[in-house]
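What follows is a single structure, written as structure tokens, with notes after it.
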Amino acid sequence: MTVKEFKTPISGKSVFIGPDSKEDIIILAIESSCDETACAIVKNGREVLSNVVASQIKTHQKFGGVVPEVAAREHLEAINLVIKEAFDQSGLKPSDITAIAATAGPGLVGSLLVGLNAAKALAITYDKPFIGVNHLNAHVCANYIDTNLEPPMIALLISGGHTQIIKVKSYLEQEIIGETIDDATGEAYDKVARLLGLPYPGGLNLDRMAPSGNPKAFALPQAKVQGKYDFSFSGLKTAVLNLTRKLEKEQGAVPKEDVAASFQECITATLFKKTLKAAEDYGIKQIVLGGGVAANSEIRKKFFSLQDKGYKIFAPAMKYCTDNAAMIASSAYFLANTMDSIDVEVFSRC
Ligand code: KG4
Ligand code: ZN
């Protein structure tokens with residue numbers, strides 16, 4: 000049975016949460032780990048009743064990346080507004096909510112504190128159980144939204160800060176079987192995009208540019224790493240840097256589209272190959288994508304082509320790939336690595 004007993008913080012009343020709970024469970028969740036202030040209300044882990052995201056992209060664009068102190072201040076300004084908007088959009092009152100969840104980490108500590116403390120304040124005010132959520136597990140759980148997906152599955156988590164292959168044995172068990180030993184996929188995208196002069200956040204802009212280039216124009220290296228399902232992208236980033244310098248020197252200009260396409264081909268081929276190998280090795284026929292880079296058109300194309308080979312492929316809708324609070328609510332409901340004490344503290348790394 001996947002159900003767990005939680006206590007409300009004031010009266011100590013028992014509340015049972017999980018996919019095997021007999022009652023409908025409505026969770027309000029807050030996400031503030033990086034540069035999005037988000038609040039969502041989700042029923043039974045899959046049905047989104049409201050989903051509000053206040054993005055700080057415009058602010059950070061000026062700096063070419065996220066500035067932690069600025070991010071924390073912007074979260075403070077936005078947090079009450081996104082909570083109010085999430086209630087308004089859903090038409091629900093605080094008394095309709097079963098539990099309150101928030102991202103506890105990993106992420107920027109100053110940013111996390113804003114969302115976590117707001118959620119704790121709501122939990123205490125309305126005497127609702129509080130559920131701390133791991134942001135990475137939540138990116139995987141985004142796949143439960145609007146689907147009837149059930150484990151087991153192999154998940155490829157590709158975000159700005161992480162790259163992992165996860166074996167999801169059950170709702171409760173997510174086991175990391177491979178990860179990057181240096182740069183994350185989104186980080187590699189953002190750094191190469193910056194080299195090509197594309198504005199922050201670079202991943203999406205590089206994805207938009209790549210289809211007008213030739214993916215075979217330049218052969219870029221796929222790093223050899225010891226772990227069967229591990230990745231390394233820092234060498235690829237350096238190879239692109241050296242390539243652009245050489246092209247500039249020899250030709251006076253960089254064919255940006257061709258470099259973007261060749262980089263995208265190289266990195267997506269590695270991600271595809273290793274994830275498929277994990278699925279084959281474990282005999283699991285379901286593969287799910289998660290994290291901001293799961294919005295990438297080439298990655299989605301490569302993985303969805305596996306449907307012709309008998310695989311079931313899931314990728315969250317675009318708005319649930321990048322940071323959002325609906326996935327936090329879903330993760331709280333499915334109890335994926337959740338923390339149930341009101342004393343949970345924020346953490347920057349796993
Ligand atoms: O999951 P996310 O929103 O935040 C983290 O938890 O890190 O991921 C953000 C990352 C950024 O590096 C961004 O450039 C990348 O996802 N990204 C993309 C695309 N959309 C967002 N990368 C490649 N192609 C995209 N379409
Ligand atoms: Zn994220």
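Position 19, counted from 1, in the sequence shown is what numbering that gives the first Met the number 0 calls 18; the numbers after and before it change by one each time, with no gaps.
Using N, Cα and C, we set each Cβ at its ideal position, and we do this for glycine too.
Everything numeric in this text was worked out from a predicted model, so none of it was measured.
{"Item": "Distance cut-off 7 Å: Y319 Cβ against heavy atoms of the ligand KG4", "Value": "no"}
{"Item": "Residue interval of the alpha helix (DSSP H) (run including Q250)", "Value": "233-250"}
{"Item": "Residue span of the beta strand (DSSP E) that contains Q173, given as start and end", "Value": "173-178"}
{"Item": "Local Cβ density within 10 Å of Q60, reported as buried at 16 or more and exposed below that", "Value": "exposed"}
{"Item": "Secondary structure of M0, DSSP reduced to three states", "Value": "coil"}
{"Item": "Segment contact flag, the segment 113-121 with the segment 28-35, C-beta cutoff 8 Å, min 3 pairs", "Value": "yes"}
{"Item": "Cβ-Cβ distance between R299 and A277 below 8 Å", "Value": "no"}
{"Item": "DSSP bridge partner residues for N295 (one or two, in chain order)", "Value": "N295 is not bridged to any residue."}
{"Item": "Three CB pairs or more closer than 8 Å across the segment 281-301 and the segment 144-154", "Value": "yes"}
{"Item": "CA-to-CA distance, D322 to E35, given in whole angstroms", "Value": "7 Å"}
{"Item": "Cutoff 8 Å; reference P254; Cβ partners in own chain excluding five residues on either side", "Value": "G212, A216, L246"}
{"Item": "Pair within 8 Å by beta-carbon distance, L110 and H74", "Value": "Just to set this straight, residue 110 is Ser in the shown sequence, not Leu. Yes; because the gap between Cβ atoms is below 8 Å, this pair is in contact."}
{"Item": "Sub-8 Å separation of T267 and I130 beta-carbons", "Value": "no"}
{"Item": "T162 in three-state terms, based on DSSP", "Value": "strand"}
{"Item": "Burial state of V167, where buried means 16 or more other Cβ atoms lie within 10 Å", "Value": "buried"}
{"Item": "Endpoints, alpha helix (DSSP H) assigned at T274", "Value": "255-281"}
{"Item": "8 Å Cβ cutoff met for L235 and A187", "Value": "yes"}
{"Item": "Which residues DSSP lists as bridging Q285, in chain order", "Value": "K311"}
{"Item": "Run of the beta strand (DSSP E) containing M152, from where it starts to where it stops", "Value": "152-157"}
{"Item": "Distance CB(P8)-CB(D126) smaller than 8 Å", "Value": "yes"}
{"Item": "Top-ranked residue by Cα proximity to D342, from A53, M0, V66, A100", "Value": "A100"}
{"Item": "Unbroken beta strand (DSSP E) run spanning C140, endpoints", "Value": "Careful: C140 lies outside any beta strand (DSSP E), inside the alpha helix (DSSP H) at 134-140."}
{"Item": "For E30, the residue or residues it bridges with in DSSP", "Value": "A37"}
{"Item": "Helix, strand or coil at L48 [DSSP, three-state]", "Value": "strand"}
{"Item": "8 Å Cβ cutoff, L112 in contact with chain B", "Value": "Absent from the structure is chain B; it holds one protein chain and no more."}
{"Item": "For Q250 and A103, the rounded distance between their alpha carbons", "Value": "49 Å"}
{"Item": "Beta-carbon separation (whole angstroms), V65 vs S330, contact threshold 8 Å", "Value": "Not confirmed; about 23 Å, so no contact."}
{"Item": "Simplified DSSP assignment, three categories, for K98", "Value": "First, the residue type needs correcting, since residue 98 is Ala and not Lys in the sequence shown. Residue state, collapsed to three classes: strand."}
{"Item": "Start and end residues, beta strand (DSSP E) containing V14", "Value": "13-16"}
{"Item": "Those residues which DSSP pairs with V167 across a bridge", "Value": "M152, Q173"}
{"Item": "Beta-bridge pairing of S330 - partner residues as DSSP gives them", "Value": "S330 pairs with nothing; no bridge assigned."}
{"Item": "Burial state of A252, where buried means 16 or more other Cβ atoms lie within 10 Å", "Value": "exposed"}
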